[in-house]
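Data block below; observations after.
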Amino acid sequence: MRFEITHLSDEELLLSADGELPAKQASAVHVHLETCWECRTRFAEMQNAIGDFIHIYRERSQVSIPPIDGPRALLRAEIRQFSSASTAHAGRGFVASTTGGAREWAVSRVVEKALRVPHVVAFATVLATFALLLFVVHLHRAQLSHHASKGSSELNGAMPQVSLTPGETVSVTVQDVCAPDFPTERQMLVPASLRRRVFQQYGISNPRPDAFEVDYLITPDLGGASSARNLWPEPYHNTIWNARVKDELEVHLKDLVCSGKLDMATAQRDLSGNWIASYKKYFQTDAPLGKPRPFLALLARFNHRELVGAFLAP
Amino acid sequence: MSDSSRTSIFDLLLLRKPAVEEISTSIAIEATVTELFEQFRRGMLRYIGSLGLSVHDGEEIVQEVFLLLFQHLCDRKPQENLRGWLFRVAHNLALKRRIAKQAATKTTCCISADEHYDPRPSPEDHLFFQQRRDRLLSVLHALPERDQCCLYLRAEGLQYREIAGVLDISLGSVSKSLARAIRRLSNADRW
């Protein structure tokens, strides 16, 4: 008479240990383990390996994960902002939001709600007529306000709204930012989702790609955070106090910080406050120092809307 | 023209006011999302870190995941197995970001051997632990990425079905990956 022992596979042992086997199979594995030293040893080895792995894996969180308070508060604020923005915009029928899917989401909610309203067809025609009328009026008024604001467009958009972009920093030291391998603003690409969120906050839907640069208020070169509270959409059409001029100030401030002539907190405040006033203060000037390139500046000044406006103006 | 005046005209025209029940639902969803955030943030950060991203990137991804969760719940989409949903979205966003970062600088996946953390009782023990730890880490890094992801997700307590959902693979592949990974780790002490 000959006994053949069929041992359990590693997969069966693991499935059994993880409670992933059906009851009948699990009990068969259990019975086998009681009688087989070989499989029981392998089972123990696997359990040890799991223990070792978990030990290494847990080390990560013990050393590097910051407390939850800040991130939780940020999440709550973002949810409320997102929630209120969606509610306000949903009524208007067009939505910009933090994510691509949210637009369809909000539109579908409006449609869904509208379909539940009785006598919808009767009202729809009246509403559509009113909406069209209002849209025409709105367009006309927008055109007027655009023309009216042309004269004072020099500072338009050069400063962010303080309530939306007060400036935010991460905790870094002077040694960190002055180290040669510290990532610069050019390397810190703003993720598309964050850019969308910034545009949404500023109520800009479907921006033309050539219309705005999403710029850092406090540059990451001086510890500025990559967050919506530190970013704002800066129009490209600003030809005097634009991003290039702000870069000059940032480079100057970083030089001062790294040479120990200025502390980092002051540099950050100078950027998050009125950066144009800071520029004037540090460079002792009322106008940007860098020479504008006349032809390009002229070209940038006359963007196509203004050209069209000039032709249509009486 | 101010934005607020435009809003009020359109809202009046469409008779659109947020209903009381809508607001209370929103508050309830916010509470649920916050609770889940407290429960899973740490694990998700660990998992994203294991994919080779920094804690800073991890925090941003986790914020985005929970905003999407809020949206998901507001939309009354399926609510069973939210843990699997959270890790799936985090996994996809983390891979996207990693690809974007790799384009700029070559980074490699996973827990770095340089992240020293040693609760050492004595220099001899320290040396022994360190050598063993380095050996385990090198075995871990040599595993196919899918096997590593299965390990990390299992370490976060996900069941095989959830892991299959996160990585978009079959149940059989999950158990094969895990068994292979554990076998290699347990062989790390042999030579």
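Taken in sequence, the protein lines are chains A and B. Under the working numbering, the first sequence has -8 at position 2, and the numbering climbs by one with no breaks. Under the working numbering, the second sequence has 598 at position 29, and the numbering climbs by one with no breaks. Even glycine gets a Cβ: it sits at the ideal position worked out from N, Cα and C.
Thinking C-alpha only, which one of A/-4, A/234, A/250 and A/1 is nearest residue 269 of chain A?
-> A/234
Pick out whichever of B/668, B/717, B/635 and B/755 has its Cα sitting closest to the Cα of residue 659 of chain B.
-> B/635
Establish whether the CB of residue 744 of chain B and some CB of chain A are separated by less than 7 angstroms.
-> yes
For residue 746 of chain B, I'd like the list of residues in its chain whose CB is within less than 6 angstroms of its CB, leaving aside the five on either flank, ordered along the chain.
-> 715, 716 and 719
Would you give the residue range spanned by the alpha helix (DSSP H) that residue 721 of chain B belongs to?
-> 714 to 724
Can you name the start and end residues of the alpha helix (DSSP H) that residue 272 of chain A belongs to?
-> 265 to 273
Those residues which DSSP pairs with residue 193 of chain A across a bridge | Bridge partners of residue 193 of chain A: none, in fact.
Please name the residues in the stretch 56 to 69 of chain A whose beta-carbon is closer than 8 angstroms to at least one beta-carbon of chain B, in chain order.
-> Residues of the stretch 56 to 69 of chain A that bring their beta carbon within less than 8 angstroms of a beta carbon in chain B comprise 56, 58, 61, 62, 64, 65, 66, 68 and 69, in sequence order.
The beta strand (DSSP E) spanning residue 205 of chain A covers which residue range?
-> 202 to 206
Any idea if residue 612 of chain B is buried or exposed, counting beta-carbon neighbours within 10 angstroms, 16 or more meaning buried?
-> buried
Select from A/156, A/67 and A/39 the residue whose C-alpha is nearest the C-alpha of residue 264 of chain A.
-> Relative to the Cα of residue 264 of chain A, the nearest Cα in the group A/156, A/67 and A/39 belongs to A/156.
Beta-carbon gap between residue 257 of chain A and residue 212 of chain A smaller than 7 angstroms | yes
Beta-carbon of residue 632 of chain B versus every beta-carbon of chain A: anything under 7 angstroms?
-> yes
When the distance is taken between beta carbons, is residue 42 of chain A closer than 7 angstroms to residue 705 of chain B?
-> yes
Selection of the stretch -5 to 17 of chain A by Cβ proximity to chain B, strictly under 9 angstroms = Those residues of the stretch -5 to 17 of chain A that come within reach of chain B (Cβ to Cβ, closer than 9 angstroms) are -1, 0, 1, 2, 3, 4, 5, 8, 9 and 10.
Beta carbon proximity, residue 208 of chain A to chain B, threshold 7 angstroms | no
Going by Cα to Cα distance, which pick from B/625, B/748 and B/726 is closest to residue 57 of chain A?
-> B/625
What residue from A/195, A/196 and A/262 has the CA that sits closest to residue 215 of chain A's CA?
-> In terms of Cα proximity to residue 215 of chain A, the closest of A/195, A/196 and A/262 is A/262.
For residue 669 of chain B, the nearest candidate out of A/151, A/181, A/165 and A/152 (CA to CA) = The closest CA to that of residue 669 of chain B, considering only A/151, A/181, A/165 and A/152, is found on A/181.
To the nearest angstrom, how far is it from the Cα of residue 656 of chain B to the Cα of residue 735 of chain B?
-> Each residue's alpha carbon lies about 6 angstroms from the other.
So, residue 266 of chain A versus residue 231 of chain A, is the Cβ gap smaller than 7 angstroms?
-> yes
Just the Cα atoms here: how many angstroms apart are residue 732 of chain B and residue 614 of chain B?
-> 17 angstroms
Cβ-based neighbour list, residue 154 of chain A, same chain, cut-off 6 angstroms, excluding 5 preceding and 5 following | 191
Can you name the residues of chain B whose CB is closer than 7 angstroms to the CB of residue 232 of chain A?
-> Residues of chain B passing the Cβ test: none, with the nearest at roughly 24 angstroms.
Kindly indicate if chain B contains any beta-carbon less than 7 angstroms away from that of residue 255 of chain A.
-> no
Going along chain B, which residues have a C-beta under 7 angstroms from residue 38 of chain A?
-> 755
Using a beta-carbon distance cut-off of less than 8 angstroms, what residues from the stretch 592 to 618 of chain B approach chain A?
-> 595, 599, 602, 603, 606, 607, 610, 611, 614, 615 and 618
From the beta carbon of residue 738 of chain B, is the nearest beta carbon of chain A less than 7 angstroms away?
-> no
Look at the Cβ atom of residue 61 of chain A, then the Cβ atom of residue 628 of chain B, and state whether they are nearer than 7 angstroms.
-> With respect to residue 628 of chain B, residue 61 of chain A sits close: the two C-beta atoms are nearer than 7 angstroms.
Tell me whether the beta-carbon of residue 21 of chain A lies closer than 7 angstroms to the beta-carbon of residue 6 of chain A.
-> no
Chain B residues whose Cβ lies nearer than 7 angstroms to that of residue 42 of chain A = 705 and 754
Below 8 angstroms on the Cβ atoms is my guess for residue 630 of chain B versus residue 605 of chain B; work out the distance and round it to an integer in Å.
-> Their Cβ separation, rounded to whole angstroms, is 15 angstroms, which puts residue 630 of chain B and residue 605 of chain B out of contact at 8 angstroms.
Which residues in the same chain as residue 185 of chain A place their Cβ atom closer than 7 angstroms to its Cβ, once the five residues preceding and following it in sequence are excluded?
-> 204
Who are the Cβ neighbours of residue 217 of chain A in its own chain at under 7 angstroms, not counting the five residues just before and after it?
-> 158
Interface flag, residue 54 of chain A vs chain B, CB-CB below 7 angstroms | yes
How many whole angstroms separate the CB atoms of residue 254 of chain A and residue 160 of chain A, which I take to be in contact at a CB cut-off of 8 angstroms?
-> Residue 254 of chain A to residue 160 of chain A, Cβ: 12 angstroms. No contact.
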